[in-house]
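Asks: Note that the sequence shown ends on residue 334 in full-length UniProt numbering; no numbers are left out.
Note that the Cβ used here is the ideal one computed from N, Cα and C, for glycine as well.
None of the values given here were measured: they were computed from a predicted structure.
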Amino acid sequence: MESLFNSKLIASKNTPESLHKYEVKISTLPKENGWSSMMTLRSYQHFWFHSFFLKGAMHAQDHFQAQPGDIFLCNFMKTGCTWLKALSFSIITRTHFDDSNTPIRNALPHDCIPMLEFGEYYSPTGPKIPLYGSHIPYTCLPKSIIHSRCKIVYLCRDPKDTFVSMWHYFKRMVETNKTGKEVSFVSIEEAIDLFCRGVSSFGPYWDHVLGYWKASLEHPERILFLRYEAMKEETESCVKKLAEFFGCPFSLEEERGGKIEEIIELCSFESLSNLEVNKSGKQVKKDGYMENSAYFRKGKVGDWRNYLSDEMGNRLDNIMEDKLTGSGFSFLNK
Ligand code: A3P
Numbered sequence: 001m002e003s004l005f006n007s008k009l010i011a012s013k014n015t016p017e018s019l020h021k022y023e024v025k026i027s028t029l030p031k032e033n034g035w036s037s038m039m040t041l042r043s044y045q046h047f048w049f050h051s052f053f054l055k056g057a058m059h060a061q062d063h064f065q066a067q068p069g070d071i072f073l074c075n076f077m078k079t080g081c082t083w084l085k086a087l088s089f090s091i092i093t094r095t096h097f098d099d100s101n102t103p104i105r106n107a108l109p110h111d112c113i114p115m116l117e118f119g120e121y122y123s124p125t126g127p128k129i130p131l132y133g134s135h136i137p138y139t140c141l142p143k144s145i146i147h148s149r150c151k152i153v154y155l156c157r158d159p160k161d162t163f164v165s166m167w168h169y170f171k172r173m174v175e176t177n178k179t180g181k182e183v184s185f186v187s188i189e190e191a192i193d194l195f196c197r198g199v200s201s202f203g204p205y206w207d208h209v210l211g212y213w214k215a216s217l218e219h220p221e222r223i224l225f226l227r228y229e230a231m232k233e234e235t236e237s238c239v240k241k242l243a244e245f246f247g248c249p250f251s252l253e254e255e256r257g258g259k260i261e262e263i264i265e266l267c268s269f270e271s272l273s274n275l276e277v278n279k280s281g282k283q284v285k286k287d288g289y290m291e292n293s294a295y296f297r298k299g300k301v302g303d304w305r306n307y308l309s310d311e312m313g314n315r316l317d318n319i320m321e322d323k324l325t326g327s328g329f330s331f332l333n334k
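(1) Count the other C-beta atoms from every protein chain shown that fall within 10 angstroms of the C-beta of ASP322, then say buried if there are 16 or more, exposed otherwise.
(2) Any chance the segment 164-176 sits against the segment 77-90, with 3 or more Cβ pairs inside 8 Å?
(3) Residues bridged to SER184 by DSSP?
(4) First and last residue of the alpha helix (DSSP H) that includes PHE163?
(5) Taking only runs of the alpha helix (DSSP H) that begin and end inside the segment 103-139, which ones reach a length of at least 4 residues, in chain order?
(6) Counting along the chain, where does the alpha helix (DSSP H) carrying ASN278 start and finish?
(7) Specify whether the segment 191-208 and the segment 96-109 touch according to this definition: at least 3 beta carbon pairs, one from each stretch, less than 8 Å apart.
(8) Are the beta-carbon atoms belonging to LEU210 and LEU324 less than 8 Å from one another?
(9) Which residues in the same chain have their Cβ closer than 6 Å to the Cβ of GLY203, if we skip the five residues on either side of it in sequence?
(10) Taking the straight line between their C-alpha atoms, what separation do you get for PRO137 and GLN61?
(11) Return the CA-CA distance between LEU155 and LEU224, expressed in angstroms with no decimal places.
(12) Give me the residue from LEU131, CYS112, LEU87 and PHE296 with the minimum Cα distance to GLU261.
(13) What I want to know is whether the C-beta of LEU272 ends up closer than 7 Å to one or more non-hydrogen atoms of the ligand A3P.
(14) Just to confirm my understanding: we take PHE296, look at its own chain, exclude 5 residues before and 5 after, and list those with CB closer than 8 Å. What are they?
(15) If I measure Cβ to Cβ from THR176 and keep anything under 8 Å in the same chain, skipping five residues before and after, which residues do I get?
(16) Apart from the five residues on each side of it in sequence, which residues of its chain come closer than 8 Å, Cβ to Cβ, to ILE113?
(17) Using a threshold of 8 Å, state whether the C-beta atoms of ILE91 and ILE263 are closer than that.
(18) With a CB to CB cut of under 8 Å and the five nearest residues on each side skipped, what residues in its chain are close to LYS31?
(19) Check each candidate in HIS219, PHE52, GLU23 and ALA230 and name the one with the smallest Cα separation from ILE331.
(20) Suppose the cutoff is 7 Å on Cβ atoms and the five residues either side in sequence are ignored; what does the same chain contact list for ALA215 look like?
(21) Is the distance from the Cβ of TYR228 to the Cβ of ARG305 below 8 Å?
(22) I'd like to confirm something about ARG297: is its beta-carbon nearer than 7 Å to some heavy atom of the ligand A3P, or not?
(23) Could you have a look at MET39 and say whether DSSP puts it in helix, strand or coil?
(24) Within 10 angstroms of the Cβ of ARG256, are there 16 or more other Cβ atoms? Answer buried if so, exposed if not.
(25) Taking the beta carbon of SER201 as the centre, do at least 16 other beta carbons fall within 10 Å, making it buried, or is it exposed?
(26) Helix, strand or coil for VAL153, going by three-state DSSP, please let me know.
(27) Excluding the 5 residues flanking ASP70 on each side, which residues of the same chain have their C-beta closer than 7 Å to its C-beta?
(28) If we ignore side chains and look at the alpha-carbon of each, how far apart do ASP310 and PHE163 end up?
(29) Which residue wins for smallest C-alpha separation from ASP207, given the options ILE319, GLU236 and HIS50?
(30) Do you know offhand how far SER15's Cα is from GLN65's?
(31) Where do the N-terminal and C-terminal ends of the alpha helix (DSSP H) with CYS238 fall, by residue?
(32) Thinking C-beta only, is ILE188 closer than 8 Å to TYR307?
What follows is the structure, given as structure tokens:
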């Protein structure tokens, strides 16, 4: 079963040549300086994108063909997709790997699942693990995903914790850049101002949430809408829900044998953050690298209180609630 993972089966990877035409188009789009001098944002189809992600998203819009049975794990940045990927991968591959030989022990969860906007696509013919990750907003997804019967899991998180997590993550990215240039990074006050104006990677956050929320109401059988806080509070019921949604519910035998607890324990913050690969591994990027440990900061609900004043928190809550009015979804409800 090793081959299931090792082959990775990523048949097509977009190339610099195939992305060139998008670079030209992107250079004409409205721009904002973003949070750092190395992170220019471009406005495309009502969302802000970093050029790197946008190239891949445009390529996916033109070339990605969803296959029946594909499952997409979608989220706005820093809402917990590392955890969701680890759980989903473990649930789906539980008959192929056991707790000791699962690839999750030796690879960052992001390296176990291809990312749509990185241009990593599986072969349509070969065997595969039917999972993809993506931050692309719902209305910008490749049409073949929207019009197919593919399933989507969407994970969102309290906007204040999401913002604080994002600020730390990008700060760390800037600190490890290797451009050789002096790179600026915004203060938390400036960053929250930009965030509240919708200017952030894949922002506005409210529109990102609303797109998937509305789609989940229209297609509840196809789109599962989850919240990070609920996953923290009721992990077991979320894991069961995921397995049912994926079409591979836990059997009574598995439940009695402790399979659910085993997966929860393996994917817990404490366990993942203490794996050697996640403590010392690195993701090499064009402008530097990102330490795997940057994906495991604190994993807490309410950490925003350590960084934002009540006034800043209220400002963000009020904007979010205002934008979500009438949708039936609120971050203030449990
Ligand atoms: P904090 O920065 O608040 O700690 P993403 O995975 O979408 O990049 O989101 C990162 C956030 O998820 C970080 O939040 C990170 O610590 C948290 N996280 C990572 N792994 C987790 C896990 N196994 N359980 C709970 N939270 C986790």
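Replies: Looking at the atomic coordinates:
(1) Taking the sequence shown and counting its residues from 1, the one referred to as residue 322 is at position 322. Exposed.
(2) Under the Cβ criterion (8 Å, minimum of three pairs), the segment 164-176 counts as touching the segment 77-90.
(3) Locating residue 184 in the sequence shown gives position 184, counting from the first residue. SER184 pairs with nothing; no bridge assigned.
(4) Translated into the one-based positions of the sequence shown, residue 163 becomes position 163. Element bounds for PHE163: 159-175.
(5) Runs found: 109-112.
(6) Along the sequence shown, read from residue 1 onward, the residue named residue 278 stands at position 278. Per DSSP, ASN278 belongs to the alpha helix (DSSP H) from 276-280.
(7) Verdict: no, contact absent.
(8) Here residue 210 is taken as the residue at index 210 of the sequence shown, counted from 1. Here residue 324 is taken as the residue at index 324 of the sequence shown, counted from 1. With contacts defined by Cβ atoms closer than 8 Å, LEU210 and LEU324 form a contacting pair.
(9) The residue given as residue 203 occupies position 203 in the sequence shown. So the list reads TRP48, once near-sequence residues are dropped.
(10) The count along the sequence shown starts at 1 and reaches residue 137 at position 137. The count along the sequence shown starts at 1 and reaches residue 61 at position 61. So the two alpha carbons sit approximately 12 Å from each other.
(11) For the purposes of this step, residue 155 is taken as residue 155 along the sequence shown, with counting starting at 1. For the purposes of this step, residue 224 is taken as residue 224 along the sequence shown, with counting starting at 1. Roughly 9 Å separates the two Cα atoms.
(12) Counted from its first residue, the sequence shown places residue 261 at position 261. Checked all of LEU131, CYS112, LEU87 and PHE296; the closest Cα to GLU261 is LEU87.
(13) Translated into the one-based positions of the sequence shown, residue 272 becomes position 272. Yes, Cβ of LEU272 sits closer than 7 Å to a heavy atom of the ligand A3P.
(14) Within the sequence shown, residue 296 is the residue found at index 296, counting from 1. Contacts found: THR82, PHE269, LEU272, SER273 and ASN278.
(15) Indexing the sequence shown from 1 puts residue 176 at position 176. Excluding sequence neighbours, THR176 sits near GLY288, TYR289, MET290 and GLU291.
(16) Counted from its first residue, the sequence shown places residue 113 at position 113. Excluding residues up to 5 positions away in sequence, LEU73, LYS85, SER88, PHE89, ILE129, LEU131, TYR132 and GLY133 lie with their Cβ nearer than 8 Å to the Cβ of ILE113 in the same chain.
(17) The sequence position of residue 91 within the sequence shown is 91, counting from 1. The sequence position of residue 263 within the sequence shown is 263, counting from 1. The answer is yes: Cβ separation under 8 Å.
(18) By 1-based counting over the sequence shown, the position of residue 31 is 31. Hits under 8 Å: THR40, LEU41, ARG42 and SER43.
(19) Taking the first residue of the sequence shown as 1, we reach residue 331 at position 331. Per the sequence shown, the amino acid found at residue 331 is Phe instead of Ile. The residue with the shortest Cα to Cα distance from PHE331 is ALA230.
(20) If you number the sequence shown from 1, residue 215 lands on position 215. If we look at ALA215 and ignore the five residues flanking it on each side, its Cβ neighbours are TYR138 and ILE223.
(21) Residue numbering aside, residue 228 sits at position 228 when the sequence shown is read from its first letter. Residue numbering aside, residue 305 sits at position 305 when the sequence shown is read from its first letter. In this structure, ARG305 does not lie closer than 8 Å to TYR228 by Cβ.
(22) Taking the first residue of the sequence shown as 1, we reach residue 297 at position 297. Using a cutoff of 7 Å, the CB of ARG297 counts as near the ligand A3P, since one of the ligand's heavy atoms is closer than that.
(23) What you label residue 39 is simply residue 39 of the sequence shown in a count that begins at 1. If DSSP states are grouped into helix, strand and coil, MET39 belongs with coil.
(24) Here residue 256 corresponds to residue number 256 of the sequence shown, with the count starting at 1. By the 10 Å Cβ count, ARG256 comes out exposed.
(25) The sequence position of residue 201 within the sequence shown is 201, counting from 1. Taking every protein chain shown into account, the CB of SER201 has 16 or more other CB atoms within 10 angstroms, so this residue is buried.
(26) Counted from its first residue, the sequence shown places residue 153 at position 153. Strand at VAL153.
(27) The count along the sequence shown starts at 1 and reaches residue 70 at position 70. A distance below 7 Å between beta-carbons, with the five flanking residues on each side excluded, links ASP70 to the following residues of its chain, in chain order: PRO130, TYR132 and CYS150.
(28) Mapped onto the sequence shown, residue 310 falls at position 310. Mapped onto the sequence shown, residue 163 falls at position 163. Cα to Cα, ASP310 sits roughly 14 Å from PHE163.
(29) Looking up residue 207 in the sequence shown gives position 207. For ASP207, the nearest C-alpha among the options comes from ILE319.
(30) As a first step, residue 15 must be located in the sequence shown, where it is residue number 15. As a first step, residue 65 must be located in the sequence shown, where it is residue number 65. It is worth fixing the name first, because residue 15 is Thr in this sequence and not Ser. THR15 and GLN65 have their C-alpha atoms roughly 17 Å apart.
(31) For the purposes of this step, residue 238 is taken as residue 238 along the sequence shown, with counting starting at 1. Run containing CYS238: 235-245, per the alpha helix (DSSP H) assignment.
(32) The sequence position of residue 307 within the sequence shown is 307, counting from 1. The sequence position of residue 188 within the sequence shown is 188, counting from 1. Contact: yes.
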